[in-house]
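One structure below.
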Amino acid sequence: MLQTRNPFTSGGWSMFVAGALLTIISILLVYSANHNSPDPRLQDDWVKQIIWFVLAAVVFFATTAIPLRMHEIFAPIYYGIAILMLLGLILFGASMFGAQRWYSLGAFSIQPAEIGKVAFIFMLARYLTYSRRPISSLRKIAAASAICGVITLLVVRQPDLGSAVIFAIVFLVMMFWEGMPVKYLLLFITPVASMIASSSMIAWIVFFALLIFAVVPLIRSSLAFTITLVAINLAVGAFSSIAWNRLHDYQQMRIKIFLDPGQDPLGAGYQIIQSKVAIGSGGLLGKGYLAGSQNKLDFLPLRHTDFIFSVAAEEFGMLGSVVIIALFGYIFHRGIRAAMKSRNSFSALVAIGATSALAFQMLVNIGMVLGLLPVAGVPLPFVSYGGSSLLVSWVFLGLVVNAERNWQEYS
Amino acid sequence: MVDQVPKTSRGWILTGGLVAAILLILAKLIYLQVFQYKYYFQMSEENRIRVLPRSAMRGKIVDREGRLLASDRPAYTVSIIPSEVSKIDYLAGELAPLLEMDEKAIVRKVADRRTRKYEPVAIRRDLSFPAVCIIEESSELFPGVVYQLDQTRTYYYGKSLCHLIGYTGEVDEREAKDQQFRTGSIIGRAGVERQYDQSLRGIDGVDYLEVSATGRIIGPLEDRPSKDPLMGDELALTIDMDLQMAADSCFGDTLSGAAIFLDPKTGEILALVSKPTFDPNLFAGFVSRSEYQSLAGDERLPLFDRTIRGTYPPGSTAKILTAGAALEEGLITTETHFGPCRGGMQFGNRFFKCWDKRGHGSLGLLAALEQSCDVYFYQLGLKLGLEKWSKYARACGFDQTTGLDIPGEKIGHAPDEKWYEKTYGKYNWNKSVMLNLGIGQGEFLVTPIELAQFYAGVVNHGVVMKPHVIRYLRTPKGETNYYHAEIARGLPFSEETLEILKEGLYRVVQSGTAVRSRIPEVTMGGKTGTAQNPHGEDHSWFVGYAPALDPQILGCVIVENAGHGSTVAAPFVKAVFVKFFQKKGIIKMPPPPLLPLVSAGNGVNSAAN
Ligand SMILES: [Zn+2]
Numbered sequence: 093m094l095q096t097r098n099p100f101t102s103g104g105w106s107m108f109v110a111g112a113l114l115t116i117i118s119i120l121l122v123y124s125a126n127h128n129s130p131d132p133r134l135q136d137d138w139v140k141q142i143i144w145f146v147l148a149a150v151v152f153f154a155t156t157a158i159p160l161r162m163h164e165i166f167a168p169i170y171y172g173i174a175i176l177m178l179l180g181l182i183l184f185g186a187s188m189f190g191a192q193r194w195y196s197l198g199a200f201s202i203q204p205a206e207i208g209k210v211a212f213i214f215m216l217a218r219y220l221t222y223s224r225r226p227i228s229s230l231r232k233i234a235a236a237s238a239i240c241g242v243i244t245l246l247v248v249r250q251p252d253l254g255s256a257v258i259f260a261i262v263f264l265v266m267m268f269w270e271g272m273p274v275k276y277l278l279l280f281i282t283p284v285a286s287m288i289a290s291s292s293m294i295a296w297i298v299f300f301a302l303l304i305f306a307v308v309p310l311i312r313s314s315l316a317f318t319i320t321l322v323a324i325n326l327a328v329g330a331f332s333s334i335a336w337n338r339l340h341d342y343q344q345m346r347i348k349i350f351l352d353p354g355q356d357p358l359g360a361g362y363q364i365i366q367s368k369v370a371i372g373s374g375g376l377l378g379k380g381y382l383a384g385s386q387n388k389l390d391f392l393p394l395r396h397t398d399f400i401f402s403v404a405a406e407e408f409g410m411l412g413s414v415v416i417i418a419l420f421g422y423i424f425h426r427g428i429r430a431a432m433k434s435r436n437s438f439s440a441l442v443a444i445g446a447t448s449a450l451a452f453q454m455l456v457n458i459g460m461v462l463g464l465l466p467v468a469g470v471p472l473p474f475v476s477y478g479g480s481s482l483l484v485s486w487v488f489l490g491l492v493v494n495a496e497r498n499w500q501e502y503s
Numbered sequence: 010m011v012d013q014v015p016k017t018s019r020g021w022i023l024t025g026g027l028v029a030a031i032l033l034i035l036a037k038l039i040y041l042q043v044f045q046y047k048y049y050f051q052m053s054e055e056n057r058i059r060v061l062p063r064s065a066m067r068g069k070i071v072d073r074e075g076r077l078l079a080s081d082r083p084a085y086t087v088s089i090i091p092s093e094v095s096k097i098d099y100l101a102g103e104l105a106p107l108l109e110m111d112e113k114a115i116v117r118k119v120a121d122r123r124t125r126k127y128e129p130v131a132i133r134r135d136l137s138f139p140a141v142c143i144i145e146e147s148s149e150l151f152p153g154v155v156y157q158l159d160q161t162r163t164y165y166y167g168k169s170l171c172h173l174i175g176y177t178g179e180v181d182e183r184e185a186k187d188q189q190f191r192t193g194s195i196i197g198r199a200g201v202e203r204q205y206d207q208s209l210r211g212i213d214g215v216d217y218l219e220v221s222a223t224g225r226i227i228g229p230l231e232d233r234p235s236k237d238p239l240m241g242d243e244l245a246l247t248i249d250m251d252l253q254m255a256a257d258s259c260f261g262d263t264l265s266g267a268a269i270f271l272d273p274k275t276g277e278i279l280a281l282v283s284k285p286t287f288d289p290n291l292f293a294g295f296v297s298r299s300e301y302q303s304l305a306g307d308e309r310l311p312l313f314d315r316t317i318r319g320t321y322p323p324g325s326t327a328k329i330l331t332a333g334a335a336l337e338e339g340l341i342t343t344e345t346h347f348g349p350c351r352g353g354m355q356f357g358n359r360f361f362k363c364w365d366k367r368g369h370g371s372l373g374l375l376a377a378l379e380q381s382c383d384v385y386f387y388q389l390g391l392k393l394g395l396e397k398w399s400k401y402a403r404a405c406g407f408d409q410t411t412g413l414d415i416p417g418e419k420i421g422h423a424p425d426e427k428w429y430e431k432t433y434g435k436y437n438w439n440k441s442v443m444l445n446l447g448i449g450q451g452e453f454l455v456t457p458i459e460l461a462q463f464y465a466g467v468v469n470h471g472v473v474m475k476p477h478v479i480r481y482l483r484t485p486k487g488e489t490n491y492y493h494a495e496i497a498r499g500l501p502f503s504e505e506t507l508e509i510l511k512e513g514l515y516r517v518v519q520s521g522t523a524v525r526s527r528i529p530e531v532t533m534g535g536k537t538g539t540a541q542n543p544h545g546e547d548h549s550w551f552v553g554y555a556p557a558l559d560p561q562i563l564g565c566v567i568v569e570n571a572g573h574g575s576t577v578a579a580p581f582v583k584a585v586f587v588k589f590f591q592k593k594g595i596i597k598m599p600p601p602p603l604l605p606l607v608s609a610g611n612g613v614n615s616a617a618n
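Going down the list, the sequences are from chains A and B.
With this note's numbering applied, the first sequence covers 93 to 503.
With this note's numbering applied, the second sequence covers 10 to 618.
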């Protein structure tokens, strides 16, 4: 088959359109959300978002053009830079909302956590591709976990719980993709369940009953592994109360309010309630562009960033919401297809990593604004206001297109 | 052992997981946007709408000649929206000097609001314009503080009408719940303000404003027009301010008591005074705790409305009740004479004194009334007996309220045998109680308004009218509803009996105990009385009416701790009557000076009771 550097072959064009539609929706929504803001600094956000879009388009084409092989080589450097930037944040970062997430560059700001997502995917993909050990090797799993662990811990340190969750999920998906045995996945997933269940004694007992009498017989693993699994779960459950106390007050509050938003309708639960009011009141066709009262009248907090989907659902209704979800669905479909098609392990891992990063950010964000998940501070890719998030979303899109286009390349 | 899943299957597993997650999101979207659409739409409407009530102007109150007694005037009210204040202690500290209020009072007012925290709580009414300007200019310093032009009640005759007109106050949360009023709205608390609150209060209007989450007002709501407030009805009273002022000034600042002047034919109250007084304007604006406590704790009880709530022994004014009952029962005629008065009489082992220790000798009924001889009435009371006396006292209305249209009226006390038995035990009291009851002492207690109503019935052919202060209510459109006089009851006395009683009352003023209160131009009847007061100087009573043959005005006055009725109370009645007949043109203007009236112990100690 004829190889070409034109990104518009082999579906590159339709992926660009899907991303561009989402970004245009983003600009419209940011304008709607902020053009009347009492804070004049926010009124021009939509213009900034246009500038970021232009930049993002350039980055997209560059990403599709640069051979993935290059990234494979430079992955450790990317990863090192990301780690340094995250470390630097702890020292120099601008503090907002009790969290250090930004590097301020005049009117713009950079979020190292977003850049970290790209670097992490490259680094993990490179390690998994280069390491000759079988994926079932505990040493390989441990090393891969370290790659994920270092960057995740630095993100947690900010603290940015939402991004940390995305790192963990992308890690698990990539490991799963690489063929890590299901029992090892359990090693990562069950402690999380143990931690959640430990909030109530009864839940914890039920959890352990399930673990020992259902999960352990099912995986039919060695005694050593079984003991390790149970021991880890016991330890995590026992220490989760200590971990709970180490969470910031606002993080504790978010989890509490997630469990019962009515607890504090004017405080932390306010965001979720107002978001649901915005979405629900949008109905089937929405209140019309620039006519969302929840949006217009400041009832939606962070409505141009984390809660931008609520603005869409209020002004464009179910129709608009479904269009946005469908555009994402298309991108995800193409991402997974690219990974499945690719003969190159590295590109397949990059494609699956990029796709899962986009997919889980989208799921966590929309799940949050719908009140299905805790308020985690995860932006909606392409749509939420913010240059770093937009650029990285487009980079992911470019990587998927690149992987898909070069599916025949062997590593 | 579960091992690696084939690569294609891994792709499909991920796709399946994603599809499941997206379906879950879509399900939640459908639930919110389709099934709960109405609920959330309603919520978003309420979110953006602030209902700002606009107080209706309270109806004005005028006297019978149209003189303005009370009305609303524009004033600034400063309110706090509790939901928008995070540090109330700090805010209160900043506001207190500006509002001339106690910090704690501000905090308490805000804390008292437990529900509807997004609606303003009025903190200070009637704030000065400069203070409002300061709040306006530094609004950033006072988050959640709003001011509004509304009204403050003003009483133009303040103290002289305080008990009659009463005052207004704010509806608190409990009342708002029970009575469906808006918290913080103005309600009549006492007097006619309370009695006619329904008509006076009007209907509040409302502004629908579109607001942001931070409370920033965007502007009026386009699809819901404001509703203008509807002013309350004008209330015209039967009070004649000239007479009211005349009666009020009689008491000066030192005397306590009550004065009631009414038209016995209709029951219209012409003047209603309770002394001492307070300034109702204090309640209309902002009453500080210390001010209120000094009023409530005042030993002279300025807040206490003596005209309808003060109960006193009627003293000798009750003698016509005894006389009327005895005449009606046929126990005496005007010719009947009792044992002679020798400055008192022996009954059992006790000597019961007559007020005049020189004695009156043996008298007939008219002379006994004229001289108010106690010995005559001791014997008449004994002859009448408790059973019949209490029957007549109750038939005359002494066991019920008069129906005056001012809230809070008390009932006096007309005891009967049952009451004595219950109170003292079956054998621990005896007939001698009738000696006291017959002359209006002992356990017999009346309110001034009860006594006034009784006498009005006596001089109105036995027809007892319901006393009232309302003349008419006039809606803002000008529809006027006049109050129609109502008959309360009939006295249990025949026309003959009443003629005899009136003859007696006429003689009291003509040549008896009240002779010095006679008005040359107008014939007058009346009865003096002295209410024995175990706690101090006796109370001075006088009930009078004029003209004697066709009464147009009846006055009932009690002056506390002032001694004999003839010396203090009777001249008060006379002073008001003079004013009344001057206005009628019967007494020529300019009048002789009404003052000075009485200063205690001015040498009329020998005056008759
Ligand atoms: Zn005598």
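Here a beta-carbon is modelled for each residue, glycine too, at the ideal position from N, C-alpha and C.
Values in this document were obtained by computation on a predicted structure and should not be read as measured data.
Margin query: Nearest by alpha-carbon distance to L507 (chain B): which of B:G521, B:G466, B:R498 and B:R516 is it?
Written below: Reading the second sequence from its first residue, position 498 is the one you call residue 507 (chain B). Nearest C-alpha to L507 (chain B): B:G466.
Checklist line | Integer Cβ distance of P476 (chain B) from G276 (chain B), believed to fall under 8 angstroms | finding: Mapped onto the second sequence, residue 476 (chain B) falls at position 467. Mapped onto the second sequence, residue 276 (chain B) falls at position 267. Contact holds; Cβ gap of about 5 angstroms.
Margin query: Going by beta-carbon coordinates alone, are I143 (chain B) and Y156 (chain B) separated by less than 7 angstroms?
Written below: For this step, residue 143 (chain B) is matched to residue 134 along the second sequence. For this step, residue 156 (chain B) is matched to residue 147 along the second sequence. Contact: no.
Next item on the list: Using the Cα positions of A449 (chain A) and S237 (chain A), report the straight-line distance between them to the nearest angstrom.
Entry: Taking the first sequence and counting its residues from 1, the one referred to as residue 449 (chain A) is at position 357. Taking the first sequence and counting its residues from 1, the one referred to as residue 237 (chain A) is at position 145. Between the C-alpha atoms of A449 (chain A) and S237 (chain A) there is a straight-line separation of about 17 angstroms.
Notebook entry, point to check: Of all the options B:F360, B:K431, B:Y433 and B:V384, which has the alpha carbon lying nearest to the alpha carbon of H346 (chain B)?
Noted result: Translated into positions along the second sequence, residue 346 (chain B) becomes position 337. Checked all of B:F360, B:K431, B:Y433 and B:V384; the closest Cα to H346 (chain B) is B:V384.
Margin query: Quick check: what's the CA-CA separation for E93 (chain B) versus L462 (chain A)?
Written below: The sequence position of residue 93 (chain B) within the second sequence is 84, counting from 1. The sequence position of residue 462 (chain A) within the first sequence is 370, counting from 1. Rounded to whole angstroms, E93 (chain B) and L462 (chain A) show a C-alpha spacing of 27 angstroms.
Note to self: Given this structure, state the Cα-to-Cα distance separating A211 (chain A) from I31 (chain B), to the nearest angstrom.
What the structure shows: If you number the first sequence from 1, residue 211 (chain A) lands on position 119. If you number the second sequence from 1, residue 31 (chain B) lands on position 22. Near 27 angstroms, if we compare the C-alpha coordinates of I31 (chain B) and A211 (chain A).
Next item on the list: Taking only beta carbons into account, state which residues of the stretch 446-472 of chain A come closer than 7 angstroms to chain B, listed in chain order.
Entry: Flagged, chain order: A451, L455, I458, G459, L462 and L464.
Margin query: Going by C-alpha to C-alpha distance, which of B:R203, B:Q409, B:E146 and B:I317 sits closest to I567 (chain B)?
Written below: Residue 567 (chain B) sits at position 558 when you count from the first residue of the second sequence. The residue from B:R203, B:Q409, B:E146 and B:I317 with its alpha-carbon nearest to that of I567 (chain B) is B:I317.
Item checked: Burial state of V150 (chain A), where buried means 16 or more other Cβ atoms lie within 10 Å -> Your numbering for residue 150 (chain A) matches position 58 in the first sequence. Its Cβ having fewer than 16 others within 10 Å, V150 (chain A) is exposed.
Next item on the list: Examine ligand 1 and report whether any of its heavy atoms sits within less than 6 angstroms of the Cβ of H346 (chain B).
Entry: For the purposes of this step, residue 346 (chain B) is taken as the residue at position 337 of the second sequence. In terms of side-chain proximity, the C-beta atom of H346 (chain B) is found no nearer than 6 angstroms to any non-hydrogen atom of ligand 1.
Check: Could you give the distance in angstroms between the alpha-carbon of R435 (chain A) and the alpha-carbon of T155 (chain A)?
Finding: Translated into positions along the first sequence, residue 435 (chain A) becomes position 343. Translated into positions along the first sequence, residue 155 (chain A) becomes position 63. For R435 (chain A) and T155 (chain A), the distance between alpha carbons rounds to 19 angstroms.
Notebook entry, point to check: How is H477 (chain B) classed by DSSP in three states: helix, strand or coil?
Noted result: Mapped onto the second sequence, residue 477 (chain B) falls at position 468. Reduced to three states, the DSSP call for H477 (chain B) is strand.
Next item on the list: Apply the 10 Å Cβ neighbour rule to A234 (chain A) and answer buried if 16 or more other Cβ atoms are within range, or exposed otherwise.
Entry: For the purposes of this step, residue 234 (chain A) is taken as the residue at position 142 of the first sequence. The residue is exposed, with fewer than 16 neighbouring Cβ atoms inside 10 Å.
Notebook entry, point to check: Relative to chain A, which residues along the stretch 154-178 of chain B have a C-beta separation below 9 angstroms, given in chain order?
Noted result: Residues: none.
Next item on the list: Would you mind giving the Cβ-Cβ distance between P560 (chain B) and V468 (chain B), rounded to the nearest angstrom? I have them listed as a contact below 8 angstroms.
Entry: The sequence position of residue 560 (chain B) within the second sequence is 551, counting from 1. The sequence position of residue 468 (chain B) within the second sequence is 459, counting from 1. With 8 angstroms as the limit, P560 (chain B) and V468 (chain B) qualify as a contact, their Cβ atoms being about 5 angstroms apart.
Check: Run through DSSP, which three-state label would G167 (chain B) get?
Finding: Position 158 of the second sequence, counting from 1, holds the residue named residue 167 (chain B). Note: G167 (chain B) maps to helix in three-state DSSP.
Note to self: Counting C-beta neighbours from all protein chains within 10 Å, is the total for S137 (chain B) 16 or more, i.e. buried, or is it exposed?
What the structure shows: Along the second sequence, one-based indexing puts residue 137 (chain B) at 128. Exposed: under 16 other Cβ atoms inside 10 Å.
Check: So is the beta-carbon of C363 (chain B) under 6 angstroms away from any non-hydrogen atom of ligand 1?
Finding: Here residue 363 (chain B) refers to the residue found at position 354 when the second sequence is read from its first residue. C363 (chain B) Cβ: within cutoff of ligand 1.
Next item on the list: Using a Cβ cut-off of 7 angstroms (strictly closer), state whether W336 (chain A) contacts chain B.
Entry: Start at 1 with the first residue of the first sequence, and residue 336 (chain A) comes out as number 244. Chain B contact via Cβ: absent.
Check: S575 (chain B) to S520 (chain B), Cα distance in whole Å?
Finding: Indexing the second sequence from 1 puts residue 575 (chain B) at position 566. Indexing the second sequence from 1 puts residue 520 (chain B) at position 511. Across the structure, S575 (chain B) and S520 (chain B) are spaced so that their CA atoms are roughly 12 angstroms apart.
Margin query: So that I know if they touch, is there some Cβ in chain C lying closer than 7 angstroms to that of S402 (chain A)?
Written below: Of the chains in the structure shown, none is chain C; the protein chains are A and B.
Next item on the list: Check each residue of the stretch 222-234 of chain A: if its Cβ is closer than 9 angstroms to any Cβ of chain B, include it; give the result in chain order.
Entry: So the list reads I227 and S228, given in the order they occur along the chain.
Next item on the list: Give the DSSP bridge partners of V130 (chain B), in chain order.
Entry: As a working mapping, residue 130 (chain B) is identified with position 121 in the second sequence. In DSSP, V130 (chain B) forms a bridge with B:I89.
Next item on the list: Quick one: residues in its chain with C-beta nearer than 7 angstroms to the C-beta of I420 (chain B), no 5 flanking neighbours on either side, listed in chain order?
Entry: Your numbering for residue 420 (chain B) matches position 411 in the second sequence. The residues D408, Q409 and T410, in chain order, have a CB closer than 7 angstroms to that of I420 (chain B) in the same chain once the five nearest residues on each side in sequence are set aside.
Item checked: Euclidean distance between Cα positions of M354 (chain B) and K362 (chain B) -> Counting from 1 along the second sequence, the entry for residue 354 (chain B) is found at position 345. Counting from 1 along the second sequence, the entry for residue 362 (chain B) is found at position 353. Going from the Cα of M354 (chain B) to the Cα of K362 (chain B) covers about 6 angstroms.
Next item on the list: Check whether the Cβ of Q45 (chain B) lies closer than 7 angstroms to any Cβ atom in chain A.
Entry: By one-based count along the second sequence, residue 45 (chain B) stands at place 36. Yes - at least one Cβ of chain A is within 7 angstroms of the one on Q45 (chain B).
Item checked: Whole-angstrom distance between A280 (chain B) and K486 (chain B), CA atom to CA atom -> Within the second sequence, numbered from 1, the residue matching residue 486 (chain B) stands at position 477. Within the second sequence, numbered from 1, the residue matching residue 280 (chain B) stands at position 271. Their Cα atoms are separated by approximately 29 angstroms.
Checklist line | Exposure label - V428 (chain A); buried when at least 16 CB within 10 Å | finding: To locate residue 428 (chain A), count along the first sequence from 1; it is residue 336. Per the sequence presented here, residue 428 (chain A) reads as Ile, with Val not at that position. It is buried - the Cβ of I428 (chain A) has at least 16 other Cβ atoms within 10 Å.
Note to self: Just to confirm the assignment, what range does the beta strand (DSSP E) spanning S194 (chain B) have?
What the structure shows: The count along the second sequence starts at 1 and reaches residue 194 (chain B) at position 185. Per DSSP, S194 (chain B) belongs to no beta strand (DSSP E) and is neither H nor E.
Checklist line | Below-7 angstroms beta-carbon distance, G26 (chain B) vs any chain A residue | finding: Here residue 26 (chain B) refers to the residue found at position 17 when the second sequence is read from its first residue. At a cut-off of 7 angstroms between beta carbons, G26 (chain B) makes no contact with chain A.
Notebook entry, point to check: Using the C-alpha atoms, what's the distance from H172 (chain B) back to R198 (chain B)?
Noted result: Residue numbering aside, residue 198 (chain B) sits at position 189 when the second sequence is read from its first letter. Residue numbering aside, residue 172 (chain B) sits at position 163 when the second sequence is read from its first letter. When rounded, the separation of the alpha-carbon atoms in R198 (chain B) and H172 (chain B) is 11 angstroms.
Margin query: Tell me the residue span of the alpha helix (DSSP H) that contains F360 (chain B).
Written below: For the purposes of this step, residue 360 (chain B) is identified with residue 351 of the second sequence, where counting begins at 1. That residue, F360 (chain B), is in no alpha helix (DSSP H); its beta strand (DSSP E) goes R359 to K362.
Next item on the list: With a threshold of 6 angstroms, establish whether the CB of V517 (chain B) neighbours any heavy atom of ligand 1.
Entry: Here residue 517 (chain B) is taken as the residue at index 508 of the second sequence, counted from 1. No, the Cβ of V517 (chain B) stays beyond 6 angstroms of every heavy atom of ligand 1.
Note to self: Measuring only the C-alpha atoms, how far is D242 (chain B) from E488 (chain B)?
What the structure shows: Here residue 242 (chain B) refers to the residue found at position 233 when the second sequence is read from its first residue. Here residue 488 (chain B) refers to the residue found at position 479 when the second sequence is read from its first residue. Annotation: D242 (chain B) to E488 (chain B) spans about 9 angstroms, alpha carbon to alpha carbon.
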